[in-house]
Amino acid sequence: MDIFLQQLVNGLVLGSIYALVALGYTMVYGILELINFAHGEVVMIGAMVALSVIGALMGAAPDLPGVMVVLAGILVAIPACMALAFGIEKIAYRPLRRAPRLAPLITAIGVSIILQNLAMLIWGRQYISFPPLLPRASFEFFGAHITLLQIVIVALALTIMAGLWLLVEKTRLGRAMRATAQSREVAQLMGVNVDRVISATFIIGAAIAAIAGVMVSAYYGLAHYYMGFMLGLKAFSAAVLGGIGNLFGAMLGGLLLGVIEALGAGYIGDLTGGFLGSHYQDVFAFFVLIGVLVFRPSGLLGERVANRA
Amino acid sequence: MNRVLEPLRARPLLAFALLAALLAALPFLVGAGLGNSWVRVLDFALLYVLLAIGLNIVVGYAGLLDLGYIAFYALGAYLYAWLASPHFGLHLPFWAVLPIGAAFAGLFGVLLGAPTLRLRGDYLAIVTLGFGEIIRIFMNNLNAPFNLTNGPQGMNLIDPVKLGGLSFGKTLHFHGLTLPSTYLYYYLFLAFTLLAMFVALRLRDSRIGRAWAAIREDEIAAAAMGINTRDMKLLAFAMGATFGGLAGGLFAAFQGFISPESFTLWESILVLCMIVLGGMGNIPGVILGAVLLTVIPEALRYIGDLQRATLGHVVVDPSDLRMLLFGTALVAMMLFRPAGLLPSRQRKREFAAEDGVAAQEQSSLYDTKA
Amino acid sequence: MTLLSVENITKRFGGLAALEEVSLSVQAGEIYGLIGPNGAGKTTLFNCMTGLYTATSGVVRLEDVEVQALKPHQIVKRGFARTFQNIRLFANMSALENVMVGRHARTHASVIGAVLRCRKTRAEEAGIRERAQELLRYVGLANKSRSLASHLSYGDQRRLEIARALATEPRLLALDEPVAGMNPNERGRMGELFRKLREGGVTLLLIEHDVKLVMGLCDRVAVLDYGRKIAEGRAEEVRNDPAVIAAYLGGEA
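Residue numbers (numbering that gives the first Met the number 0), protein chains in the order written: chain A, 0 to 308; chain B, 0 to 369; chain C, 0 to 252.
In structure tokens, the structure reads:
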């Protein structure tokens, strides 16, 4: 039972990070019907920039409290990622808005490759470890081991989701975003500056991605130029699971995928009589993705995406 | 250029003879000019041409974006290794293993395609990508409890192609002529590539090719013309997978060694790059793309030497530049020359089409006006 | 003989009923008109009959065979072809290639046949080409066979769509607003083409806005309004039907 609870907790923590990244995919897809393949790399860049800042600060001001250092890292990573996403949209996606569907998807893959390899040139091929700056307090909860970091991650993720929901539902920009998602043409006719709304969508997604990047590297204690790829794919799967284009769907899908993965990795050995082990963790996301698309392409909360049933 | 080509166009037989002679002499020319290691590059270029022709049926003809194509290459290669290596102690002849491997990959193509081909293009892309990763993860881990793939170490000592008494793995001495293994494989791969080209071209100009083109342009209209879109898409998928499996078998025999390393997502993307760069749908374009993207990274190695000569040490590892260049090429091609270097006539028009076609493609496939 | 019969077709999108209990029947050899104000459900009915939509309930019979559950390509194979209101040609193919695609359902070459290009395949391919040329001539596009579909004039695109549909050898051809956006002169010529088609043995089902054209051309007419059939009968009967007058006047008021 305690293994179950432990895996559930781990899954929820991981899932809330997936959910944050999934929000970026789902927002862009909702408005542009584009799979922003490079979003995972934005997460990675966020982690890398934050780690660079953290490293520099630790050298320059060794007396600064650890939490402050990490916070400073996040605060630099956020605008960096925002600028990056703004540039990506403007250079690689905007000129192709009227092109056949495959074209922007192919540029998105191209951008993803470029960012990954630039990161490799800048930060090197090796794993970069996250310095032990954060308090390591932990609690026992019905036999499950919960760290303070885990609680902070989940709390922060929930706060961000609530904030995003308020932004989309209650503000002018949010209304313009929803209008653009419904119909770009009509929104334009109604005086919405569609280009600006699309840019804003990318920027907001990137800001959240930056935070998620720091979270994931703090959680695993590692960052790597390749980390965004798998994370991005899983987050995309989460967005599809929840119903792409739907914010709540992304959150639900993220949490669910995290739990499925954690429980799957924990129990697959027993389930298959030891035939498959926990190193198949990465497979679950893809099976979930394929399963959802085949059996319920609209996802749990979304509109339908398949051509014809 | 045209002044050279024009007289040849008028005499197709002469052009054909010249081309045949050039292809036959190529390994000797390359071997003498650039060294024997470049003949190996040439062999790989042919393998990639074979892969690109296969993927082109899926992406270029039928318009289905497949990002997990390399999985079929992997399946063909592993099947070859299972049936012709000491791993299971089986040593079947290549002429039996290659078709089995191709059919095996084709079967997986059908299994993957049947449930997923009704998805819209970009979803199909992600699902195929997921499939590619699943296959790779399984190959990486299926060494325990039952050793099927030997895990990350890969499988070794795979039988070379043997034809009668001739082993392609050894240098052949024939009436004073010395043909190293790479030269022999060159001719073998060339034969398969020409065969694949022939099949691909014949398909394009057939009733089936027209159906693919119709589906690519407007799936609903194609269905309303009596085309069974699902079966036709599945056929394209299976054909592509079969070519991939065939290339995989050849790869395993040629290398004598395979491991999951060779079948990463980036290989899938590399092959996609080849057809995007060369020109989707157009066989000469696809061949050009495959050759360029195999040769350029090899040539990039000289950048390392150049840096050492001029700067004294290597500042940027050329192999790091490789992927960066590919990524940039993908983006630049889509932005500035989306139809590729040698586009097919129809594809060029599709990419050039402004609102009309794009809007049609963007709009949901339903007739929206009720 | 009844060629097509639609019985109590209902189509709902979510809560919205686009069609409610619509029934009609088309006799072999007639020109049957389907009219009604915008949004009355005419195209939805077409889509339900040709397999693009699955009706929520109801039956569609093509010569006694139920087809409402079949896929579009299966319905085409049974001799029921259509055109689209918002022309859906293969824009980047030539006119000839467009019509050649239409021959797909009536030809057989497999992968092996296509690759080996044996005598049978070659003969079939030549037949496809010949028939396509013939159909282009038939609709009056003989000299445009090499033009790109997207380069044709609007009227010619409509004609090409008809030629492409005819290539599937339909007994019943459904045309969705085939003269929309044409001038009176072009409309007259299209009317002639429809009569010629009927004489050639093709039954026509026509969605049209232009009441005058429908009345002059169609043997029988059905009127849809808000997803219901409000009238059906000979053109002059329908014209004087008070419900029809109310629907049209009410719609324009």
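Quick reminder that beta carbons are idealized off the backbone N, C-alpha and C, glycines included.
Asked	Found
Alpha-carbon spacing of Gln-6/A relative to Phe-294/A, whole angstroms	27 Å
Any non-hydrogen atom of the ligand GDP within 6 Å of Leu-204/C CB	The model depicted lacks the ligand GDP and carries no ligand whatsoever.
Rounded C-alpha distance that separates Asp-319/B from Phe-325/B	11 Å
Best match in Met-250/A, Tyr-17/A, Ala-18/A, Ile-30/A for proximity to Met-176/A [C-alpha to C-alpha]	Ile-30/A
Assigned secondary structure, Thr-228/B (DSSP; H/G/I helix, E/B strand, else coil)	helix
DSSP bridge partner residues for Ile-111/C (one or two, in chain order)	Note: Ile-111/C sits in no beta bridge, so no partner.
Close Cβ partners of Met-26/A (< 6 Å) along its chain, the five nearest in sequence each way excluded	Thr-200, Gly-204
Cβ-Cβ distance between Val-29/B and Leu-12/B below 7 Å	no
Neighbour list for Phe-325/B in chain A, Cβ cutoff strictly below 7 Å	Ile-112
For Lys-232/B and Leu-54/B, the rounded distance between their alpha carbons	13 Å
Three-state class that DSSP yields for Ala-205/A in the structure shown	helix
Selection from Pro-183/C, Glu-65/C, Leu-44/C that minimises the alpha carbon distance to Leu-212/C	Pro-183/C
Euclidean distance between Cα positions of Glu-231/C and Val-243/C	10 Å
Own chain residues within Cβ distance below 8 Å of Val-75/A, not counting five before or after	Val-48, Ala-49, Val-52
Within chain C, partners of Met-279/B - CB distance below 7 Å	The premise fails here: Met-279/B is roughly 13 Å from chain C at the closest Cβ pair, so nothing lies under 7 Å.
For Gly-163/B, the three-state DSSP class (helix, strand or coil)	coil
Close-in-space but distant-in-sequence residues of the same chain around Leu-46/B (CB under 7 Å, 5 per side omitted)	Phe-188, Ala-246, Leu-249, Phe-250
Burial state of Glu-65/C, where buried means 16 or more other Cβ atoms lie within 10 Å	exposed
Proximal residues of chain B, C-beta to C-beta of Phe-79/C below 9 Å	The premise fails here: Phe-79/C is roughly 10 Å from chain B at the closest Cβ pair, so nothing lies under 9 Å.
Closest by C-alpha distance to Asn-149/B, when choosing among Pro-259/B, Thr-181/B, Thr-170/B	Pro-259/B
Straight-line Cα distance separating Arg-87/C from Tyr-225/C	26 Å
Buried or exposed by the 16-neighbour rule on C-beta atoms within 10 Å, applied to Phe-191/B	buried
Which residues DSSP lists as bridging Arg-227/C, in chain order	Asp-224/C
Validate contact between the region 156 to 171 of chain C and the region 88 to 105 of chain C using beta carbons, cut 8 Å, 3 pairs	yes
Interface partners of Thr-106/C on chain B, CB under 8 Å	Arg-206
Close-in-space but distant-in-sequence residues of the same chain around Arg-157/C (CB under 6 Å, 5 per side omitted)	Pro-177
CB contact below 7 Å: Glu-218/B versus chain C	no
Alpha carbon of Tyr-24/A to alpha carbon of Leu-135/C, nearest angstrom	48 Å
Segment limits, beta strand (DSSP E) that includes Asp-175/C	171 to 175
Minimum Cβ-Cβ distance from Arg-145/C to chain B less than 7 Å	no
CA-to-CA distance, Leu-166/A to Ala-79/A, given in whole angstroms	21 Å
Cα-Cα separation between Leu-163/A and Ala-61/B, rounded to whole angstroms	40 Å
Beta-carbon contacts of Ser-198/A that lie in its chain and below 8 Å, excluding the five residues immediately before and after	Phe-85, Glu-88, Lys-89
Segment contact, 8 Å Cβ cut-off, at least three pairs: the region 250 to 257 of chain A with the region 13 to 21 of chain A	yes
Where Val-21/C meets chain B, residues with beta-carbon distance less than 7 Å	Under the 7 Å cutoff, chain B gives no residues; its nearest Cβ is about 13 Å from Val-21/C.
Leu-340/B beta carbon less than 7 Å from that of Gly-277/B	yes
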